[in-house]
Amino acid sequence: MKRYDLRHLKDNFEPRMREILTSHKAGEVAIFLFEIGDFSPIQRSADLVKECGYELLNSLKFNEVDWTIVTKK
Numbered sequence: 001m002k003r004y005d006l007r008h009l010k011d012n013f014e015p016r017m018r019e020i021l022t023s024h025k026a027g028e029v030a031i032f033l034f035e036i037g038d039f040s041p042i043q044r045s046a047d048l049v050k051e052c053g054y055e056l057l058n059s060l061k062f063n064e065v066d067w068t069i070v071t072k073k
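73 is the number that this note's numbering gives to position 73 of the sequence shown; each next residue is one higher, with no gaps.
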């Protein structure tokens with residue numbers, strides 16, 4: 001299990017998230033932390049997880065501005 005903090009990328013976290021997801025091996029769990037802003041990144045991240053062939057295990061609000069998702073291949 002690895003945790004990736006993508007908050008520093010603001011609204012442009014998807015290219016890095018895709019890069020990480022495509023490099024993981026089957027059975028590995030990845031935890032991503034990113035800023036939500038207007039909540040549109042939540043759906044975009046869920047779509048990206050599905051597109052990369054991962055299962056979205058959990059998705060929750062971390063604090064007032066951050067969101068956490070847990071994925072597994």
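We put the CB at the ideal spot given by N, CA and C, even for glycine. Computed from a predicted structure; not experimentally measured.
Using a C-beta cut-off of 8 angstroms, the stretch 8-15 makes no contact with the stretch 54-69, since fewer than three inter-stretch Cβ pairs fall below that distance. Taking 3 residues as the minimum length, the beta strand (DSSP E) runs contained wholly in the stretch 15-64 are 29-35, 55-61, in order along the chain.
The alpha-carbon separation between K25 and F13 amounts to approximately 21 angstroms.
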